[in-house]
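K.L.:
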Amino acid sequence: MGLDGMSDEAVRDLLLRTRRIAVVGASDRPGRPSNGVFRFLLDRGYDAVPVNPALAGRTLHGVAAVAGLEEAAPLDLVDVFRRSEDAGAVVDEAIRLGAPAVWLQLGVVDQAAAERARAAGVVCVMDRCPAIEWGRLGLPPRISGPAPE
6 MGLDGMSDEA VRDLLLRTRR IAVVGASDRP GRPSNGVFRF LLDRGYDAVP
56 VNPALAGRTL HGVAAVAGLE EAAPLDLVDV FRRSEDAGAV VDEAIRLGAP
106 AVWLQLGVVD QAAAERARAA GVVCVMDRCP AIEWGRLGLP PRISGPAPE
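Quick note on my numbering: the sequence shown kicks off at 6 and runs consecutively.
#1: Please identify the residue among Arg-121, Arg-147, Val-29 whose C-alpha is closest to the C-alpha of Arg-87.
#2: Which residue wins for smallest C-alpha separation from Ala-77, given the options Asp-97, Ala-104, Ala-106, Val-54?
#3: Here's the rule: buried if 16 or more other CB atoms are within 10 angstroms of the residue's CB, otherwise exposed. What is Asp-84?
#4: Exposed or buried, what is Ser-12 when buried is set at 16 or more other beta-carbons lying within 10 Å of its beta-carbon?
#5: Run through DSSP, which three-state label would Pro-79 get?
#6: Between Gln-110 and Cys-134, is the Cβ-Cβ spacing less than 8 Å?
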């Protein structure tokens, strides 16, 4: 178990039941982790939406980027590529929008935001990467239909 207290079974279940993911802080720069993870999610069949005001109206891996989380709703999961000190505001918005889960990426830790999420009934994964967890847990190559081009 990591900082988030999530068991392998709980992380596996979340990754397999999730369909629509907002990737907050997605980058169009190929060398950035948020770019690679966004592509990874698409390749696994998720309906992923890049959320980044600097990219709004452009496409990332064939998917139109939106400026804010509200434009990406409804969501199953909000994947947060933001600094720890900025993550709480994203978690609060995810709670407000009714997202059932938030995922704070590697190095992103905000215990207070995680507590707020859990108190609101929102699953909170923290300081993990879905691409790493996917391989570590031995999940199948694809979860559903083809990824967008």
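Using N, Cα and C, we set each Cβ at its ideal position, and we do this for glycine too. Bear in mind the structure is a predicted one, so any value in this text is a computation, not a measurement.
P.N.:
In brief:
#1: When C-alpha distances from Arg-87 are compared across Arg-121, Arg-147, Val-29, the shortest belongs to Val-29.
#2: Val-54
#3: buried
#4: exposed
#5: Looking at Pro-79 - three-state DSSP - the assignment turns out to be coil, as it is neither helix nor strand.
#6: yes
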